[in-house]
Amino acid sequence: MQTVMNSTKFRAGLQFIRQFSRSPLAVLGLVLITLIVLMAVFAPYLSPQNPYDLMQLDIMDGRMAPGTGSSAGFTFLFGSDDQGRDMLSAILYGLRISLIVGLGSAALAFIIGTAFGLTAAYVGGRVENAMMRLVDLQLSFPTILAALLILALLGKSIGNVVFAIVLVEWATYARTARGAALTELRREYVEAARSLRLPHRNILFRQLLPNCLSPLVVLLTMQVARAITLEATLSFLGLGVPVTEPSLGLLISSGYEFMLSGTYWIALFPGIALLVTIFAINLVGDRLRQLLDPKAARR
Amino acid sequence: MSNRLEVRNVSKRFSRMSGVVERGAELMGLKAPNPVVRALDDVSLTVAEGEVVGIVGESGCGKSTLGRVVAGLLQASEGSVLFRGKQLDEMPGKSADEARLKVQMIFQDPSSSLNPRQRVREIIGAAPLHHGMTTARELDDYVSQQMQRSGLDPSMAGRFPHQFSGGQRQRIGIARALAVQPDMLICDESVAALDVSIQAQILNLFLDLREQLDLTYLFISHDLSVVEHISDRVMVMYLGRVVEEAAVGELFSHPNHPYTRALLQERPSLDPVQRRFSAIEGEIASPLSPPSGCHFHPRCPMAMERCRVERSELRLIGPGHKSACHLND
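Sequence lines, in order, name chains A and B. Counting along the first sequence from 1, when you hit position 10 you're at 10 in this note's numbering, and nothing is skipped either side. Counting along the second sequence from 1, when you hit position 77 you're at 376 in this note's numbering, and nothing is skipped either side.
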């Protein structure tokens, strides 16, 4: 019996993978994401230099063009910045920061927003109204302005950036979760659970949540890309992560001042890395939406 | 015989909740208050221990609302619901919950009444486990018993609802309800979504379970043949009111109210002599603005002036036979 039910689940999973891979672009996105994550995880082994270790930097190597050799013996594939920091190493380490901030804040916002939206829909009435007006209020603030305010008050640190992004992004999840939950609440299995006097937490998390998950997962993928962009924007504006641990956005920002003096590589290569990451995540997110959103046409 | 269930003068009104701005506008007389739907209007009903009471009527007549009020899924606007002579609203929270658990519902659509993301084991087992009717260790055995009793193969407990046929899904719904050891089942159009051959199987299952478990049923349906087959007593509803109530044989042989007679005439029949088909004239009126007097008068072939003005009360016209028609006076 165990094998029977495992095989049906296995077959459904296989079917989903087959449908997913019918779009070559989505597969490309998935391959790129995998590569990017692997590169970020194994950054210490891949990069020729630890960009955070000031002892390894030689100021004489500053602003080397891509392809020149360093005094330590390796080649600056993507050039070096004004401190003599290898850009390839800086990008690999910067990817780590960007991914941690993106995934971490998107996941936290997902949990908070979903719990909020489901509860609002389940409780209903005036409480729901009040809760959703709070969501409206949050969504009516310009995202960057709100995030800038929070960071200006709290100061720079990775934790604070995550906090700021969660605070401006949770409302989107709340709204989506409430919408999905309202549809599901009308179905008879919820009435059945009520008449069986199952506890509220069972109805919320065992009945409603699994059935509301599809649109939320799609939103989550999109929001990871958004969170990475937002973090890059904040860092570019000088309010994101601290200078000692540069993310992609901060690298672009520090390269920006040299753009017109011909030292294009300091801003260009982190920019390309950021672009590819977000592009890949959006490709996968789009495909997931096509497959999971019942309103979007199949295939 | 004692009464298992008693519904006393229950009314249920629905209206959309007004927002703050709307309420202000209503107070200043700028906007009419939101329309009120009277889904149930002064409905009383008793169900004796072990009895099967059928409720019939066109869609929109309030029969499903009545079922949900009895099941405790909706709060009555007025009136009270009593189980074994005890009023639920007056009982302390815990014991009211326990009493409510004794009344379970079987739903119409077997595909939407089962959570598509849960396996049958969890669908059936979650509630008895929560209410302490079984332990985590004995859960598998308990679920198997419930499945067997409803005519399901216990080896399929690990499957998802979509892997079953419509009739099997309805059996899962029945097993789920029976797993909390109820003594009353409310069947809301429980066989309407099934093939006729499967309908018969499920109806027979209901009758078998009634014998085995001493169950009492409230059987809601628009299908007269189904109701005739399963019920002891039948109640006919029209636009939120009870128009006639009698033992099943009496009602089908001597219908009194013009609406009941019209319903019985509309019944499809195999009798070659009775091939004429005369639908009830007109549409069922909107429950937002029900007709004055007797709700049925705009469609009634025998309507008099009095029917337009005066509400017809339900009164006894024979042993156990009640009807709400002015023609009986």
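Even for Gly, the Cβ is constructed at its ideal location relative to N, Cα and C.
Within the stretch 332 to 397 of chain B, the runs of beta strand (DSSP E) that reach at least 3 residues and sit entirely inside it are, in chain order, 335 to 347, 351 to 355 and 377 to 382. Using a CB distance cut-off of 7 Å, Ala192 of chain A counts as an interface residue toward chain B. Shown here, Asp487 of chain B sits in a strand according to DSSP, grouped into three states. When secondary structure is reduced to three states using DSSP, His528 of chain B falls in the helix class. Leu451 of chain B is not a Cβ neighbour of Val541 of chain B, given a cutoff of 7 Å. Residue state for Gln403 of chain B is assigned as strand, using DSSP reduced to three classes.
Remark: C-beta atoms of Gly472 of chain B and Ile529 of chain B do not approach each other more closely than 7 Å. For Ile471 of chain B, the enclosing alpha helix (DSSP H) covers residues Gly465 to Leu477. Residues Ala40 and Ala43 of the same chain have their beta carbon placed closer than 7 Å to that of Arg96 of chain A, with the five preceding and five following residues left out of the count.
Distance from Gly465 of chain B to Ala492 of chain B at the Cβ level is roughly 7 Å; contact confirmed, criterion being Cβ atoms closer than 8 Å. For the stretch 429 to 455 of chain B, residues whose beta-carbon sits nearer than 9 Å to a beta-carbon of chain A comprise His429, His430, Ser454 and Met455. Each of B:Val419, B:Ser394, B:Val608 and B:Pro409 was checked against the Cα of Glu191 of chain A, and the nearest Cα belongs to B:Pro409. The Cβ atoms of Val309 of chain B and Gly384 of chain B lie no closer than 7 Å to each other. Check the Cα spacing between Arg532 of chain B and each of B:Val547, B:Ser552, B:Val368 and B:Leu304: the tightest is with B:Val547. With distances taken between CA atoms, Ile158 of chain A lies nearest to A:Leu234 out of A:Leu234, A:Leu92 and A:Val224. Taking a C-beta distance under 7 Å as the contact criterion, Glu184 of chain A and Leu148 of chain A do not qualify as a contact pair. Burial is judged here by how many other beta carbons sit within 10 angstroms of a residue's own beta carbon; Val319 of chain B has fewer than 16 and is exposed. When secondary structure is reduced to three states using DSSP, Glu544 of chain B falls in the strand class.
Taking a beta-carbon distance threshold of 7 Å, Ala492 of chain B does not count as an interface residue toward chain A. Under the criterion of beta carbons closer than 8 Å, Val351 of chain B and Tyr516 of chain B qualify as touching, at roughly 4 Å. According to DSSP, Leu304 of chain B shares a beta bridge with B:Val346 and B:Phe382.
Exposure of Glu510 of chain B is indicated by the presence of fewer than 16 other C-beta atoms within 10 angstroms of its C-beta.
Taking a C-beta distance under 7 Å as the contact criterion, Ile423 of chain B and Ala474 of chain B qualify as a contact pair. Only Gly472, Arg475, Ala476, Ala478 and Val479 from the stretch 470 to 484 of chain B bring a Cβ to less than 9 Å from some Cβ of chain A. Contact between Ala146 of chain A and Val127 of chain A is absent: CB atoms are separated by about 25 Å, not below the 8 Å threshold. For the set B:Gly349, B:Val355, B:Ala331 and B:Leu365, the Cα lying nearest the Cα of Ser343 of chain B is the one of B:Leu365. Within the stretch 391 to 412 of chain B, Asp396, Arg399, Leu400, Val402, Gln403, Met404, Phe406, Gln407, Asp408, Ser411 and Ser412 place their CB atoms closer than 8 Å to a CB of chain A, listed in sequence order. Ranking B:Asp341, B:Arg312, B:Tyr558 and B:His556 by CA distance to the CA of Gln374 of chain B puts B:Arg312 first.
Interface criterion not met: the Cβ of Glu128 of chain A is under 7 Å from no Cβ in chain B. Checking the DSSP bridge columns, you'll see Asp86 of chain A partnered with A:Ser80. Within chain B, the residues whose beta carbon sits less than 7 Å from that of Pro210 of chain A are Arg416, listed in sequence order. Burial is judged here by how many other beta carbons sit within 10 angstroms of a residue's own beta carbon; Arg315 of chain B has fewer than 16 and is exposed.
If you check each beta-carbon in the stretch 366 to 390 of chain B against every beta-carbon of chain A, the ones closer than 9 Å belong to Arg367, Ala370, Gly371 and Leu372. When the five nearest sequence neighbours on each side are left out, the beta carbons in the same chain lying within less than 8 Å of the beta carbon of Val162 of chain A are those of Val101, Gly104, Ser105 and Leu108, in order along the chain.
Proximity of the stretch 543 to 557 of chain B to the stretch 600 to 618 of chain B meets the contact definition, three or more beta-carbon pairs being nearer than 8 Å. Burial check for Asn160 of chain A: the Cβ neighbour count within 10 Å reaches 16 or more, so the residue is buried.
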